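Working notes for the structure below.
Chains as they are written, first to last, in this note's numbering: chain A, 1 to 235; chain B, 1 to 364.
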């Protein structure tokens, strides 16, 4: 099987199964999924808390629990993300594609437009891709990766506000406050970046299933067993 | 001038006991140890009074109004004389040419030794003609006086951040003091106005130890390192999930947390919830209104005081209360609709190509 450099397009058969996503990548993917769901739910609740509950404040701690879930999931989300960055260095070439779209390569740009034309119904036959196709890479880089980085940095900056200036988490994230000037701006950016992730999720889930059904290779099962299998074997 | 603060206090009939009380209270409010009180007392007894020039740019005089109402034990008589306020065009006795002469004299006499306190800020547009004290643009006066100053205090949000006159679209190009005075240490004491006790404590610290430890944004750490929210007495209601929904509901009567009606306490760095106002009587949240974040940068540009998320779109783009939520939900909805449309089109294309394939196969 011949694969085009940078774009990951299969130029020539025979199509063989490729081990694309190694175990740490898959593990990271599903941890992230599991964390994003409670993060979004509790995030919305923190932005607009549920109706008040009565009683003595001494005996209730509801909102604090909501925030605690948010913070805990954010910690796991971040640790998994850091592990994922490590794996970009330690893992196979497909572990890097999220972080490094090959925008310097002409083949990559051609691949991006091939896929774009295919999605616009201007090109009939889909191509086969081993890793992420260039269009998917772009979406993941801009919406997911940048969104995640902004979310983590702004999130920790907001979390750091529990510490005084120059102590605790503020030592590491005080610069964010200096950069933006006021915490209201950080709050807004954190909120908006969450929507980048939501938009990404909508497209990502749709595309994964669409490609699985209509494309030439497996997509959904690849994130489970790591193997990209091609439906057109042999040629 | 060799008169010390202590001499002055005694001259004004203040007993040594009250003087020491003042020292220990100031030390306590600065978060210093017991030894701090002695150090302050010593500085007040031995160091000559600190000459201060107090300039007024574009401002509303609320800082001065706050300052002269500081409730420290000796304040009623002494705060004004504690600083050797050599020039303050709002409250000095001299006026007109005499006042300007006084300014020249002070600069000459205490060259490199006086503190410049600035209330308000300079507008830069059209060579600064939007603020003309004494016949000259304020920005020139500021540069001139700052040149020989030891340090600069930016009183209030105007001098520290820009405040209302620097709010969008800022037609006079009002800028905070540190944008004009770049070669001197600038101590920012933001707030609209700052807390009077904070103002006097900063001055006391300056006299005793020199420039106070500042945070990354140039504010004295002892008063601005924590949020209103961190020391708010309504914090237990926040953690409990007990919120005021409307200003006339049961929660408001019960004194619940004002987070949902736009309290900016969680994003505002100031000492209101500990020092409070009017001799510690109250502060906005205690009187039932959310914090408006007056000591934060850009607070006029962050939309309603009663909304949790600030307005981020300009007027005309979805109304003045278009918040991040509206933008985000629209983006998600548009994407969702696009996905559904694309899925439908894909299904149609596939079935049509399948049927044409079938026809081809049938022909063969």
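Here a beta-carbon is modelled for each residue, glycine too, at the ideal position from N, C-alpha and C.
Owing to the predicted nature of the structure, the values given are computational and were not obtained by experimental measurement.
- According to DSSP, residue 106 of chain A shares a beta bridge with no other residue.
- From the beta-carbon of residue 160 of chain A, no residue of chain B is found nearer than 7 Å; the closest lies around 11 Å away.
- When DSSP reads this structure, residue 4 of chain B sits in a beta bridge with B/48.
- The continuous beta strand (DSSP E) containing residue 116 of chain B extends over residues 114-119.
- Proximity of residue 210 of chain A to chain B, defined by a Cβ-Cβ separation below 8 Å, is satisfied.
- Where residue 175 of chain A is concerned, there is no enclosing beta strand (DSSP E), although the alpha helix (DSSP H) around it starts and stops at 169-180.
- Considering only A/196, A/231 and A/164, the residue with the shortest C-alpha distance to residue 216 of chain B is A/164.
- Residue 181 of chain A sits close to residue 298 of chain B, with the two beta carbons spaced by under 8 Å.
- At a cut-off of 4 residues, the continuous stretches assigned as alpha helix (DSSP H) that sit fully inside the region 233-319 of chain B are 235-240, 250-254 and 272-275.
- Neighbourhood of residue 214 of chain A in chain B, by CB distance below 8 Å: 346 and 350, in chain order.
- For residue 80 of chain A, the closest alpha carbon among the candidates A/36, A/54 and A/117 is that of A/36.
- Per the C-alpha coordinates, the member of A/12, A/95 and A/186 positioned closest to residue 230 of chain A is A/12.
- For the pair residue 130 of chain B and residue 52 of chain B, the CB atoms are not nearer than the 8 Å cut-off.
- Look at residue 217 of chain A: its C-beta is not under 8 Å from any C-beta on chain B.
- Assignment of residue 203 of chain A by DSSP, reduced to helix, strand and coil, places it in the helix class.
- Interface flag for residue 52 of chain A against chain B is set, since a Cβ pair is found closer than 8 Å.
- For the pair residue 208 of chain B and residue 40 of chain B, the CB atoms are nearer than the 8 Å cut-off.
- Residue range 149-155 is occupied by the beta strand (DSSP E) that includes residue 152 of chain B.
- Distance between residue 142 of chain A and residue 10 of chain A, taken at the CA atoms: about 25 Å.
- For residue 228 of chain B, there is no enclosing alpha helix (DSSP H), as DSSP marks it with neither H nor E.
- By the beta-carbon neighbour count (other beta carbons within 10 angstroms, threshold 16), residue 192 of chain A is buried.
- Here residue 183 of chain A is actually not in contact with residue 190 of chain A; their C-beta atoms are around 10 Å apart, not less than 8 Å.
- Per DSSP, the continuous beta strand (DSSP E) segment holding residue 188 of chain B begins and ends at 186-189.
- The beta carbon of residue 62 of chain A falls within 8 Å of a beta carbon belonging to chain B, placing the residue at that interface.
- Within its own chain, the residues whose Cβ lies closer than 6 Å to the Cβ of residue 144 of chain A, once the five positions on either side in sequence are excluded, are 200, listed in chain order.
- Residue 210 of chain A and residue 139 of chain A have their C-alpha atoms spaced approximately 16 Å apart.
- The continuous alpha helix (DSSP H) containing residue 104 of chain B extends over residues 96-109.
- DSSP places residue 10 of chain A inside the beta strand (DSSP E), whose first and last residues are 10-12.
- Put simply, the CB of residue 306 of chain B is far from chain A, with every gap to its CB atoms at 8 Å or more.
- At a C-beta separation below 9 Å, residue 191 of chain A has these neighbours in chain B: 309, 323, 324, 325 and 328.
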